[in-house]
Each structure stands twice: as structure tokens, then as C-alpha cells.
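Note sheet for the following structure.
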Amino acid sequence: MGIEEALPVRLREQLRDDLIAQGDEFVLGIPKVELHVHLEGTLTAELRWKLTQRNGTKLRIAKNGPELKTLEEMQVAMDLLRPDPSRVDNDEERFQFFEAYYEGFECLKTKEDFFDLAMHYFEHAAKMNVRYCELFFDPQGHTSRGVGWDTMMVGFREARQQAEADLNVKSAYIMCFLRDLSPSSAMEHYKAALPYRDTIIGIGLDSNETDRPPTLFDEVFTLARRDGFKLTMHCDVGSKNTHEHIRQAASVVAGAGLDRIDHGLNAAEDQSLIDMIVKRDVGMTICPWSYLRHTTFAELGPKIRKLYDAGIKISINSDDPAYMEDCWVLENMLLAKRLCAFDDKDVARLAKNAVHSSWAEPAVKERLLREIGAVCGRFYPEK
Ligand code: HPA
Ligand code: ZN
């Protein structure tokens, strides 16, 4: 995959600043739908510091790492974690990412913490004109630390209500199972979550994908579909057996395949996968900034473009902004525009793709599409 040619951290930061400095009013102004962001991946060093101070928990970058005593130490540790071709290879970087990502969970203890985590995202989202979002969370990473379901779900539910009332941001949550844990743990958590189904719209699968194919979790996903949940799974870029994992996600799991695929960029290398995804009209959530860290600039744009040109409903999303040069959905859309030479019409189509492949109520989708149309009309009035 050419890690030696991927952009180093300093150049990624320059690119981010350059994209923002362009002042692209259309990309900023267009109403957005975000479908792929891990709430725990929005835990910035600053938010972690705040929650740690409040709870008296210990701050570490990894489970066995030294205790960090100041916000500045945390910022330096998170900076050092970001992949740089001069520092680590792909596999090592992923291992380090997951270690740090799960260690970050330690600062989440109370209902207020889960509320604050979600509100922190919603406040950021509102500034970027995100109008609707579906947010991932990883309950197994919390129950394993003794956090109760009410603590998580009531905090998330209240934040959702406040964001809609005060910020005009609608949302729903997607409960992800950790694929490196057992299918029986996933099933146990699925059953425990049922009392909170008013707050959970869909079921996802994330964490370390190596040797953990989608079909391993078929039973719980089949049950969830029968119970009325929407379904998605990660097919991380460059994972072992990624084409087979994409095939299972698109056409095998839960009878005939899932409702969406998260990432799945490697489908661009296999026409039969592209054809199947088009035929089943499976939306794909693409997070360009996260691929930029492992892929060369030159090879990334054509892959995204290929999926888009094939007619797949790809949407642009942020994934784990706190670990990705502080790049949120706005920066990801700006990057996609540059990488793929998209024009404003394409940007509008990407925004509409996200609406169509979201799981919002039909009336909400209609309103979002009207809002997107209104912004397009303001920038490009019909003569
Ligand atoms: N891949 C898989 N699982 C994850 C990720 C990711 O990038 N971020 C949070 N959970
Ligand atoms: Zn993800």
C-alpha cells in the first residue's frame, strides 16, 4: 500500500490548514448528514483532561503507559500517536491506535460524562451545519469497566434531546459490537440494550478486523434485523481478506447482506464487488482523512472517485477526529473535493447520498433534501 509515500503528520496538518484557509463557503454551508463517527473517537485531549479532572481517573495513553499529569503531556502523547511514515508501519499503528482509543474510555464514568461526550460532538457538528447524524458507540468497552447501561444510554438520550432542541441537530445512535470479542458477548450486549431501543437505530461492528470476518456475527445481526434494527459493519481499508469481508457484508450477512458498509474502499479494486454494491444499493460511509494516513495521496482520489462514478451512494464522514489531526466532517468533505476534483454539484450529491443512505424517518429525509436544495439554489440561482 506504499506506506513510505503516505503524507507525514506535518504535511497532513499543512493540508488541513490549507483546505480550511480556502474558505469554501459552499462546503461549509451545505446541510450535512454524518453517518460514520465514533463518539469515543471524538474524545480530544482537552475533553479527556476535563473528564479526568472531574472524575479523578488516571490519564494514560495506553493501559501500561506512565500516568500523564497535565493536559500538555496528554496533547504530546496524542500527537506522537498519529501515524507517520517515518515512525511506524500500518499494523503497528493500528495496534497503537486501538490501545490508545480504548484507554481513552477510562475517563467516562457517569451519565454526565456520556452526556458531555455526545454534546461535545453535537456542538462541533452544529458549527459545520450537520443537521442529522448517526453516532457509533462501543458499549462493551464500557460495561467491561463496570459502567451501567442507564449511565450510558440516559446520558446519550438526554444529549440527543438537547441537541435537537437547542442546536437543530437531529441524531440517532448505532451500537457497535467489538469484533475482537466473542459473538456471545455481542449477543449478551444486544439483549441488554433492548430496553433502550428508542435511542438505538442500528447495529454496527468495529474494532480490530484481523481474522474476524462479518459472518462470525451472523446470528446477532440476523436477530437484530428481525427486530427492526438497521445494520452496518466496518470493512477497514487494507485489512486482511478485505474483499471477502466486503462480499460478506454486502451480500451474505443477515440473509442477503447489510444496509450499509463502513469504509469498504477496497471494493474499488474489484468490479464484481462494485456491481453487487450498486445492485443492492448499499450505501458506503467513506472517511478520507483516515485513509490519507495509510494511503498515498495519488492512489486515494481515484479509488473514491471510482465508487462514486459507479453510482454507489458514498457519503463523506470523519471516523475518529480526535486521532486524525482534528479533522471533522467539514475537513473530510474539503479533502474529498480536492482528492477527487469534485465540483459543487458533486458535493451536493454526496450530501444527498448521505441523506438517502441514512436511517432517518422519511419526513426528516425530505426536509434535509429540501434544505440542501435551498442552499444549492442560493449559491447557484436558476436563471
Ligand atoms: N476501525 C475499526 N474500529 C474502530 C475504528 C476504526 O478506525 N475507530 C473506532 N473503532
Ligand atoms: Zn470507523
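Residue numbers (full-length UniProt numbering): 1 to 383.
Ideal Cβ placement from N, Cα and C applies to all residues, glycine included.
Quiz item: Could you check where the beta strand (DSSP E) with leucine 205 kicks off and where it finishes?
Solution: As a first step, residue 205 is located in the sequence shown; it is residue number 205 there, counting from the start. Segment 200-206, the beta strand (DSSP E) holding leucine 205.
Quiz item: Hey, would you say the C-beta of serine 207 is under 7 Å away from at least one heavy atom of ligand 1?
Solution: Taking the first residue of the sequence shown as 1, we reach residue 207 at position 207. Yes, the beta carbon of serine 207 sits closer than 7 Å to at least one heavy atom of ligand 1.
Self-check item: Pairwise C-alpha distance: leucine 216 and alanine 126
Solution: Walking along the sequence shown from the start, residue 126 turns up at place 126. Walking along the sequence shown from the start, residue 216 turns up at place 216. Roughly 37 Å separates the two Cα atoms.
Quiz item: Short check: CB of arginine 283 to CB of serine 315, under 8 Å?
Solution: Along the sequence shown, read from residue 1 onward, the residue named residue 283 stands at position 283. Along the sequence shown, read from residue 1 onward, the residue named residue 315 stands at position 315. This sequence places glycine at residue 283; arginine is not what is there. Their beta carbons are under 8 Å apart, which means glycine 283 touches serine 315 by this criterion.
Practice problem: Taking only heavy atoms of ligand 1 into account, decide whether any of them is closer than 7 Å to the Cβ of glycine 204. | Solution: Residue mapping note: residue 204 aligns to position 204 of the sequence shown, counting from 1. No; taking the cut-off as 7 Å, the Cβ of glycine 204 has no heavy atom of ligand 1 nearer than that.
Exercise. Could you pull the start and end residues of the beta strand (DSSP E) that glutamate 34 belongs to?
Key: Reading the sequence shown from its first residue, position 34 is the one you call residue 34. First-last of the beta strand (DSSP E) with glutamate 34: 32-34.
Quiz item: Per DSSP, what kind of secondary structure is phenylalanine 297 in: helix, strand or coil?
Solution: The residue labelled residue 297 in the question sits at position 297 within the sequence shown. Looking at phenylalanine 297 - three-state DSSP - the assignment turns out to be helix.
Quiz item: According to DSSP, what are the bridge partners of isoleucine 316?
Solution: As a working note, residue 316 is residue 316 in the sequence shown. Isoleucine 316 pairs with Ile286.
Practice problem: Kindly indicate the opening and closing residues of the beta strand (DSSP E) around tyrosine 173. | Solution: Counting from one through the sequence shown, the residue named residue 173 turns up at place 173. Per DSSP, the unbroken beta strand (DSSP E) holding tyrosine 173 starts and ends at 170-178.
Quiz item: Taking all protein chains shown into account, do 16 or more other C-beta atoms lie within 10 angstroms of the C-beta of glycine 104, making it buried, or fewer, making it exposed?
Solution: Locating residue 104 in the sequence shown gives position 104, counting from the first residue. Buried.
Quiz item: Below 8 Å between beta carbons: does that hold for phenylalanine 137 and glutamate 40?
Solution: Here residue 137 refers to the residue found at position 137 when the sequence shown is read from its first residue. Here residue 40 refers to the residue found at position 40 when the sequence shown is read from its first residue. Yes.
Practice problem: For lysine 191, name the three-state secondary structure that DSSP assigns. | Solution: In the sequence shown, counting from the first residue as 1, residue 191 sits at position 191. Helix.
Quiz item: What are the complete alpha helix (DSSP H) segments, minimum 4 residues, inside the segment 23-106?
Solution: 25-29, 45-55, 71-81 and 90-104
Exercise. Under the assumption that valine 237 contacts histidine 294 (Cβ atoms under 8 Å), give the Cβ distance between them as a whole number of angstroms.
Key: If you number the sequence shown from 1, residue 237 lands on position 237. If you number the sequence shown from 1, residue 294 lands on position 294. Indeed they touch by this definition, with Cβ atoms about 7 Å apart.
Practice problem: Give the DSSP bridge partners of tyrosine 132, in chain order. | Solution: By one-based count along the sequence shown, residue 132 stands at place 132. Val33 and Lys170.
Quiz item: If you check the beta carbons only, do lysine 69 and arginine 131 fall under 8 Å apart?
Solution: Along the sequence shown, read from residue 1 onward, the residue named residue 69 stands at position 69. Along the sequence shown, read from residue 1 onward, the residue named residue 131 stands at position 131. No, the Cβ-Cβ distance between lysine 69 and arginine 131 is not below 8 Å.
Practice problem: Under the assumption that aspartate 150 contacts leucine 51 (Cβ atoms under 8 Å), give the Cβ distance between them as a whole number of angstroms. | Solution: Indexing the sequence shown from 1 puts residue 150 at position 150. Indexing the sequence shown from 1 puts residue 51 at position 51. Not a contact, Cβ separation roughly 18 Å.
Quiz item: Is the number of C-beta pairs between the segment 314-330 and the segment 353-361 that are closer than 8 Å three or more?
Solution: yes
Practice problem: Taking only runs that begin and end inside the segment 300-361, name each unbroken alpha helix (DSSP H) of 4 or more residues, in chain order. | Solution: 329-340 and 344-357
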